[in-house]
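J.: The structure under discussion is supplied below as structure tokens; questions concerning it will follow.
Chains as they are written, first to last, in our numbering: chain U, 64 to 178; chain Y, 1331 to 1445.
Right under this line is the structure:
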């Protein structure tokens, strides 16, 4: 089954304690991205990756890092989390190159609370 | 830069009522357009998408959307809503020409259908 998986699904942490949210897809997609969803703001892109070792900033990259060492994995790293990073995070993958096959597949989400 | 506006933040309808959710984008060039649905506690799922051709697009679950280029609009419609359509709906735009890197989402419209 084609899917995007994220772990953990729920996480409560404290300010400053480094954390990683993993994302994995089994569709061999080149393009992957991270979004955060906040009430009234919709989804905002944090980072995206067009292929292995190719990443770039989205609209709200401050306080986040990513890496893309393998095609299937795209972890999101918060080196020093702060309360304003409390949010719902979604990973997505997508066929690179657009065209009529262009569809993003979203993971189930990770609800992060930073105290 | 592209942007997306969804003017209806919260819509309440009775079952069997007709639905129209507004979506306007700002970008002068060619775009791909999407509507996603997020049921409570779930991730985003693609409802429908427009790339080219017939501006009236039919999606899953009886939804359709019409692309009106002159109005920069891509409104979502359904002739008769059901209680199970209660969800949050997001319009999204991918501006072509600048590559396929970025999909910009609107802030979402929460639909509540009353039995």
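By construction, the Cβ of each residue, glycine as well, lies at the ideal position given by its N, Cα and C atoms.
Taking all protein chains shown into account, decide if residue 100 of chain U is buried (16 or more other Cβ within 10 angstroms of its Cβ) or exposed.
T.: Stepping through the first chain from its first residue, residue 100 of chain U is reached at position 37. Residue 100 of chain U should be labelled buried.
J.: Which residue comes first and which comes last in the beta strand (DSSP E) that contains residue 1365 of chain Y?
T.: Here residue 1365 of chain Y refers to the residue found at position 35 of the second chain. Segment 1361-1368, the beta strand (DSSP E) holding residue 1365 of chain Y.
J.: Near residue 1408 of chain Y, what residues of its chain come up, given a Cβ to Cβ distance below 6 Å and the 5 sequence neighbours on each side ignored?
T.: Along the second chain, one-based indexing puts residue 1408 of chain Y at 78. Excluding residues within five positions, the ones whose Cβ falls inside 6 Å are 1349, 1392 and 1393.
J.: I want to see whether chain U comes within less than 8 Å of residue 1374 of chain Y, judged by CB atoms only; does it?
T.: Within the second chain, residue 1374 of chain Y is the residue found at index 44, counting from 1. Answer yes: the Cβ-Cβ gap between residue 1374 of chain Y and chain U drops below 8 Å somewhere.
J.: Can you find a C-beta in chain Y that's less than 8 Å from the C-beta of residue 108 of chain U?
T.: Locating residue 108 of chain U in the first chain gives position 45, where the first residue counts as 1. It does; some Cβ of chain Y falls within 8 Å.
J.: Is the beta carbon of residue 94 of chain U less than 8 Å from the beta carbon of residue 156 of chain U?
T.: Here residue 94 of chain U corresponds to residue number 31 of the first chain, with the count starting at 1. Here residue 156 of chain U corresponds to residue number 93 of the first chain, with the count starting at 1. Yes.
J.: When DSSP labels each residue in this structure, what does residue 132 of chain U get in the three-state scheme?
T.: For the purposes of this step, residue 132 of chain U is taken as residue 69 along the first chain, with counting starting at 1. Three-state DSSP puts residue 132 of chain U in coil, outside helix and strand.
J.: Beta strand (DSSP E) containing residue 1413 of chain Y: first to last residue?
T.: Residue 1413 of chain Y sits at position 83 when you count from the first residue of the second chain. That residue, residue 1413 of chain Y, is in no beta strand (DSSP E); it is neither H nor E in DSSP.
J.: List, in order along the chain, the chain Y residues whose C-beta lies closer than 8 Å to that of residue 171 of chain U?
T.: As a first step, residue 171 of chain U is located in the first chain; it is residue number 108 there, counting from the start. In chain order: 1372 and 1373.
J.: Report yes or no: do the segment 1370-1390 of chain Y and the segment 70-83 of chain U share at least 3 C-beta pairs separated by less than 8 Å?
T.: The segment 1370-1390 of chain Y, when compared against the segment 70-83 of chain U, does not touch it at the 8 Å Cβ threshold.
J.: Measuring CA to CA, which of Y:1424, Y:1337 and Y:1343 is closest to residue 1410 of chain Y?
T.: Counting from 1 along the second chain, the entry for residue 1410 of chain Y is found at position 80. Answer by Cα proximity: Y:1343.
J.: I need the boundaries of the beta strand (DSSP E) containing residue 1350 of chain Y, first residue and last residue.
T.: Residue mapping note: residue 1350 of chain Y aligns to position 20 of the second chain, counting from 1. Taken as a continuous stretch (DSSP letters only), the beta strand (DSSP E) holding residue 1350 of chain Y covers 1349-1351.
J.: Starting from residue 1356 of chain Y, follow the beta strand (DSSP E) in both directions and report where the run begins and ends.
T.: Within the second chain, residue 1356 of chain Y is the residue found at index 26, counting from 1. Its beta strand (DSSP E) spans residues 1354-1356.
J.: Could you confirm whether any beta carbon from chain Y is found closer than 8 Å to the beta carbon of residue 153 of chain U?
T.: One-based indexing of the first chain puts residue 153 of chain U at position 90. Chain Y contact via Cβ: present.
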